[in-house]
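Notes follow once the structure below has been shown.
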Amino acid sequence: MVNQVTLIGRLSADPEQRELPSGDLLGLCRIVVPRMDVRILPSGRKGPSVDVVDLAAWAPRARRSMAGWRSGDEVAVEGSLRRRFYRAGGGTASRVEVELSSGRLVRRARIE
Numbered sequence: 164m165v166n167q168v169t170l171i172g173r174l175s176a177d178p179e180q181r182e183l184p185s186g187d188l189l190g191l192c193r194i195v196v197p198r199m200d201v202r203i204l205p206s207g208r209k210g211p212s213v214d215v216v217d218l219a220a221w222a223p224r225a226r227r228s229m230a231g232w233r234s235g236d237e238v239a240v241e242g243s244l245r246r247r248f249y250r251a252g253g254g255t256a257s258r259v260e261v262e263l264s265s266g267r268l269v270r271r272a273r274i275e
């Protein structure tokens, strides 16, 4: 069994870093990855042509890499798929994200 994810895509916004109540630091960002196949929906319209994936960087090295990125940059990331549970609106919710083990800048976004 293997839980290994490799993605190459563009950042949808600047990464952010949060300090948790425990004092731990967490780097967060979102990557937009194009799909290789485009689905045709029953209505005849094309389905989504991208996937949007949340990235979490717990390790100091991964956080440092993420901190140098900005919105629109093309990045390559590797990590593991994680399901995280948290409290929201009086109940428990969950989300799936990729926990970064490494990441690198592929191409800097153009500044216009």
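Counted the way the working numbering counts, the sequence shown spans residues 164 to 275. Positions of the beta carbon are idealized from the N, C-alpha and C atoms, including for glycine. Everything numeric in this text was worked out from a predicted model, so none of it was measured.
Name the residue from the options whose alpha carbon lies nearest to the alpha carbon of residue i.
i, options, result
"V195", "Q167, N166 and V261", "V261"
"N166", "P205, S264, D217 and A176", "S264"
"V259", "V213, V240 and L218", "L218"
"V240", "S206, A220 and K209", "A220"
In chain order, what residues of the same chain lie with their CB nearer than 6 Å to the CB of residue i, ignoring the 5 residues before and after it?
i, result
"V168", "G242, L244 and V261"
"E179", "L191"
"I274", "none"
"P197", "V213"
Would the beta-carbon of residue i fall within 9 Å of that of residue j?
i, j, result
"L268", "P223", "no"
"V215", "S257", "no"
"G172", "V213", "yes"
Using C-beta distances below 8 Å, list every residue in its chain close to residue i, excluding the 5 sequence neighbours before and after it, in chain order.
i, result
"V238", "I171, G172, R173, L174, I194, W232, G266, R267, L268 and V269"
"L183", "L189"
Just to confirm my understanding: we take residue i, look at its own chain, exclude 5 residues before and 5 after, and list those with CB closer than 7 Å. What are they?
i, result
"R271", "D236"
"R226", "Q180, L188, G190 and A220"
What are the uninterrupted segments assigned as beta strand (DSSP E) that are 3 or more residues long and contained completely in the stretch 224 to 260, given in chain order?
Fully enclosed beta strand (DSSP E) runs of 3 or longer: 237 to 251.
Assess, as a yes-or-no matter, whether the stretch 222 to 236 is touched by the stretch 247 to 255 under the definition of 3 or more beta carbon pairs within less than 8 Å.
Not touching, per the Cβ criterion.
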